[in-house]
Amino acid sequence: MRRLLLSLWLVVGLLSSPATAQQWTGTAALTVTGGHQTNAYLDPVLRSWDPFSDPIFAAVMPRVGLVRSARRSRLAVTARTRLYPRRPDAPQLTQGYAWYQYRLSPSWAVGGLGGGTRDRFASPRDRWWALPSVEWSPTSASTLTLRGGVTRRYLSRTPERTARQTSALVTLNGGAWLTDRVRTEGRVYWSTGATSTSNAEFGGTGVSVQGTYWPTDQWAIEAEAAVEQLRYGPPSSTARDHIGRARLKARWHLHPSVTLFAQTQASGARLAETDGAAPDVHASVGLRLQTQRVFGGAVSPPSRRVCTTVEEGIRVRISYDGPGTPHVTGDFNGWSLPGVPLTPTDDGTWTTTLPLESGSYAYRIRIVDGSKRRWLDLPSYAQTADDAFGGTNGVCTAQQVP
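In the numbering used here, the protein residues as written are 143 to 544.
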């Protein structure tokens, strides 16, 4: 694992070439959770758990990360561990991974996800994966991400031989905002592989759907359902396990750095080895503390005008170096969200042209970053006006071009 983390930091160094606009952000989080589960072997399903574990559990999960954001690329490196005070083998999980994305255009991006995990349940088991990806955003409110690559799992080590499972994995992830407060996500996966010390094969297929609803900016409710089929054994007598689960989770963002959550999950499996059903009911509550700090980086000089009258209407231009894509919305489109996406330029700004007639228009800038959305504070030189709700809107004035 030390070699893995060192490799991840080398990736950061190789990809952090000088840029005219980039930002480094560090994060640290601590999650404490506790609860009860009726069948520890099914949580996670068939993943090296000791079937005789105590159903009452408490877990502590520290995590640190570093993100480098530039105009067209983003790199995130994360390391975390999970400790179970009521279970003897700790740390039970240590993991490090890196995610990189380069945006080719507003609609297309390429990248990759790679990392490794060491589990310490009954015995240490190492895993690593490398998954290149391509992402397509058909609209400003939807994305499709295709990943495909290789995973390897080390089952046991002896002086004579190491047992390995190597498999190919393909996933298709989709996400879409139905409204500004409702987001849906779906995932389909397929995998197949073989074990190095026998003729046994294994693999799986599965599908999951998830929806998140934000009644307010402080509350979020998640619902998820999933089914999967796992197969293993020699080709002549392959065994198949069928698993299903449903999960409901509520999050309360008490403070930007403090989140309370509670969740319940019901799982059921029909296992080939026992020829019977195995249920599990999991309920837990927890607390997450998180802090974030911007370490700095090169920042492009701001443009001293947000709105400019052009022949086609109004050109909107802002300086922004963080994650996600800025969108502009206002009374010109009925304040529909997320709004009109802006396009990055070579000078570190984001811009779009709105085909508007002469007149004054109120607007705001909304940042869309995957499942996260937030309003962007306008620069001090922007023309603004108070709205009817005690907030502040920007104001663009279009004039007839002679």
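Built from N, CA and C at the ideal position, the CB exists for glycine as well.
Nearest-angstrom Cα distance between residue i and residue j?
i, j, result
"I198", "N181", "10 Å"
"T285", "A527", "34 Å"
"A318", "V458", "25 Å"
"A212", "Q434", "18 Å"
"R260", "T236", "5 Å"
"V441", "Y462", "Residue confidence for V441 is low, a pLDDT of 44 falling below 50, so the modelled location carries little weight; the figure read from the coordinates is stated next. Answer to the nearest angstrom: the Cα atoms are 9 Å apart."
"T293", "W270", "6 Å"
"S407", "R214", "Residue identity check: residue 407 is Gln in the sequence provided, not Ser. In a straight line, the C-alpha of Q407 is about 38 Å away from that of R214."
"A240", "G257", "6 Å"
"A411", "S379", "20 Å"
"N341", "L429", "45 Å"
"T287", "G345", "21 Å"
"P443", "V209", "Residue placement at P443 is poorly supported in this model, since its pLDDT is 48, which falls under 50; the coordinates are not used for a value here."
"T326", "G353", "4 Å"
"L431", "A504", "37 Å"
"Q525", "E454", "21 Å"
"P421", "A414", "14 Å"
"R267", "T339", "16 Å"
"W477", "Q243", "30 Å"
"L402", "E343", "42 Å"
"Q360", "Q405", "17 Å"
"Y296", "R389", "30 Å"
"M203", "Y226", "9 Å"
"R281", "G316", "The question names Arg, yet the displayed sequence has Thr at residue 281. For T281 and G316, the distance between alpha carbons rounds to 12 Å."
"P521", "V423", "50 Å"
"W517", "E364", "22 Å"
If we call anything under 8 Å between Cβ atoms a contact, is residue i one with residue j?
i, j, result
"P248", "T485", "yes"
"S333", "A310", "yes"
"T487", "T493", "yes"
"G328", "V351", "yes"
"R216", "R205", "no"
"V252", "S279", "no"
"L498", "I460", "no"
"E366", "T347", "no"
"V324", "Y355", "yes"
"R515", "R508", "yes"
"V427", "G238", "no"
"F437", "G168", "yes"
Count the other C-beta atoms from every protein chain shown that fall within 10 angstroms of the C-beta of residue i, then say buried if there are 16 or more, exposed otherwise.
i, result
"P483", "buried"
"D511", "exposed"
"Q307", "buried"
"T500", "The residue you asked about is not Thr; residue 500 is Ser in the sequence shown. It counts as exposed."
"H397", "exposed"
"R387", "buried"
"F474", "buried"
"H178", "exposed"
"R418", "This sequence places Gly at residue 418; Arg is not what is there. Exposed: under 16 other Cβ atoms inside 10 Å."
"A170", "exposed"
"A425", "exposed"
"G490", "buried"
"V219", "buried"
"L562", "The question about residue 562 has no answer here: the residues shown for the chain are numbered 143 through 544."
"L320", "exposed"
"L409", "The displayed chain sequence assigns Ser, not Leu, to residue 409. With 16 or more Cβ atoms within 10 Å of its Cβ, S409 is classed as buried."
Could you tell me which of the options sits nearest to residue i, measuring between CA atoms?
i, options, result
"D519", "N475, A200, S513 and G464", "G464"
"P468", "G476, P480, G258 and N475", "P480"
"L335", "L225, V324, I507 and P377", "The residue asked about is misnamed: residue 335 is Gly in this sequence, not Leu. Out of L225, V324, I507 and P377, P377 has the C-alpha closest to the C-alpha of G335."
"Y523", "S513, R515, K514 and N535", "N535"
"T450", "S502, A411, T416 and H424", "S502"
"T358", "R412, R245, W394 and T326", "W394"
"G291", "W250, L314, A305 and S379", "L314"
"R447", "C538, V202 and R224", "C538"
"L273", "R289, A283 and M203", "R289"
"A201", "V452, Q234 and R210", "Q234"
"T349", "Q360, T337, E343 and Y331", "Looking at the sequence provided, one finds Val at residue 349 rather than Thr. For the residues Q360, T337, E343 and Y331, the minimum Cα distance to V349 belongs to Y331."
"R224", "L246, D268, R245 and T173", "T173"
"V312", "G254, E343, S338 and T337", "G254"
"T416", "K391, R382 and L390", "R382"
"V452", "T339, Q541 and K391", "Q541"
"E277", "W250, D268 and R373", "W250"
"R245", "G466, K391, E364 and P521", "G466"
"H384", "M203, A368, T337 and A392", "A368"
"A305", "G316, G476 and T337", "T337"
"S513", "K391, A283, F403 and W166", "A283"
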